[in-house]
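Enquirer: Sending over a structure as structure tokens; questions will come in a sec.
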Amino acid sequence: MKKYQLDKHRLPYFVEHLKKQGIVFAPHKKGERSYSFDKVEDPNLVVMDYNRTLNSIKKYFLPPREQLLSFSKAKNSFQKSSFDNNKKIFLGVHSYDMKAVLKLDYNFTQGNPEKNYLQHRQNSSFIGVSFIPDEFHFSQSVG
Numbered sequence: 820m821k822k823y824q825l826d827k828h829r830l831p832y833f834v835e836h837l838k839k840q841g842i843v844f845a846p847h848k849k850g851e852r853s854y855s856f857d858k859v860e861d862p863n864l865v866v867m868d869y870n871r872t873l874n875s876i877k878k879y880f881l882p883p884r885e886q887l888l889s890f891s892k893a894k895n896s897f898q899k900s901s902f903d904n905n906k907k908i909f910l911g912v913h914s915y916d917m918k919a920v921l922k923l924d925y926n927f928t929q930g931n932p933e934k935n936y937l938q939h940r941q942n943s944s945f946i947g948v949s950f951i952p953d954e955f956h957f958s959q960s961v962g
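Note that the working numbering gives residue 918 to position 99 of the sequence shown, counting from 1, and the numbers run on in steps of one.
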């Protein structure tokens with residue numbers, strides 16, 4: 820694992836560079852003290868110094884709702900839904916979120932691999948960020 824440091828004022832330029840490589844998801848402010856991973860439209864809205872996000876990044880690999888098949892009664896047939904295979908880059912991931920993704924990787928690749936999860940997961944890259952836990956943080960409970 821390589822470690823690099825990026826000056827805060829160069830972050831928008833770095834995000835623009837990443838956007839040329841694929842779809843970038845990063846933390847955005849959602850209220851006074853809330854943050855959420857969203858697709859980056861404006862690099863100036865990306866926040867790296869956040870405590871925690873409202874939702875984990877696992878929602879991009881295990882969506883709460885998704886169409887897997889389409890049925891046609893008239894033709895008595897079905898069609899599998901297609902998956903987005905674009906390169907996805909997750910910027911500003913905390914170590915506990917990355918640990919959660921690694922646990923999902925293990926669970927969905929052992930024995931009978933879960934193809935839907937693996938299709939969502941392929942072409943995904945992660946760029947982590949260090950953080951200072953506050954008194955409400957749960958990062959110690961995930962190892």
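Each residue gets a CB set at the ideal place from its N, CA and C atoms; glycine is no exception.
Return the residue from the list Lys858, Lys878, Lys849, Val859 that minimises the CA-CA distance to asparagine 870.
Expert: For this step, residue 870 is matched to residue 51 along the sequence shown. The option with the nearest alpha carbon to asparagine 870 is Lys849.
Enquirer: Hey, out of His913, Lys907, Gln938, whose CA is closest to valine 859's CA?
Expert: Residue 859 sits at position 40 when you count from the first residue of the sequence shown. Among His913, Lys907, Gln938, the Cα nearest to that of valine 859 is on Lys907.
Enquirer: Applying the 10 Å Cβ sphere with the 16-neighbour rule, what's the burial state of alanine 845?
Expert: For the purposes of this step, residue 845 is taken as residue 26 along the sequence shown, with counting starting at 1. With a 10 Å radius around the Cβ and a threshold of 16 neighbouring Cβ atoms, alanine 845 comes out buried.
Enquirer: Taking 8 angstroms as the threshold, find out whether the region 912-930 comes into contact with the region 875-891 through three or more Cβ pairs.
Expert: Taking 8 angstroms as the limit for Cβ pairs, the verdict is that the region 875-891 does touch the region 912-930.
Enquirer: Alpha carbons only, please: which of Pro862, Asn931, Val920 is nearest the one belonging to arginine 940?
Expert: Sequence index remark: in the sequence shown, residue 940 carries index 121 (1-based). Selected option, being the one with the closest Cα: Val920.
Enquirer: Looking at the unbroken beta strand (DSSP E) that takes in lysine 848, where does it start and where does it end?
Expert: As a working note, residue 848 is residue 29 in the sequence shown. 842-848 is the extent of the beta strand (DSSP E) around lysine 848.
Enquirer: Helix, strand or coil for glycine 938, going by three-state DSSP, please let me know.
Expert: Stepping through the sequence shown from its first residue, residue 938 is reached at position 119. According to the sequence displayed, residue 938 carries glutamine and not glycine. Here glutamine 938 sits in helix by DSSP.
Enquirer: Report yes or no: do three or more beta-carbon pairs, one from the region 829-843 and one from the region 861-869, lie closer than 8 angstroms?
Expert: yes
Enquirer: Check whether the Cβ atoms of phenylalanine 890 and phenylalanine 880 sit closer than 8 angstroms, and answer yes or no.
Expert: As a working note, residue 890 is residue 71 in the sequence shown. As a working note, residue 880 is residue 61 in the sequence shown. Going by C-beta atoms, phenylalanine 890 is not nearer than 8 angstroms to phenylalanine 880.
Enquirer: Buried or exposed: where does leucine 888 fall if 16 or more other Cβ atoms within 10 Å of its Cβ makes it buried?
Expert: As a first step, residue 888 must be located in the sequence shown, where it is residue number 69. The residue in question, leucine 888, is exposed, as its Cβ has fewer than 16 Cβ neighbours within 10 Å.
Enquirer: Can you check whether the CB of isoleucine 946 is closer than 8 angstroms to the CB of asparagine 905?
Expert: Mapped onto the sequence shown, residue 905 falls at position 86. Mapped onto the sequence shown, residue 946 falls at position 127. Taking C-beta atoms as the reference points, asparagine 905 and isoleucine 946 fail to come closer than 8 angstroms.
Enquirer: Between which two residues does the alpha helix (DSSP H) containing phenylalanine 833 stretch?
Expert: By one-based count along the sequence shown, residue 833 stands at place 14. 830-838 is the span of the alpha helix (DSSP H), which, as asked, contains phenylalanine 833.
Enquirer: Ordered along the chain, which non-local residues of its own chain (more than five positions away) have a Cβ less than 6 angstroms from that of serine 853?
Expert: For the purposes of this step, residue 853 is taken as the residue at position 34 of the sequence shown. Closer than 6 angstroms at the Cβ level, and outside the excluded window around serine 853, lie Leu873.
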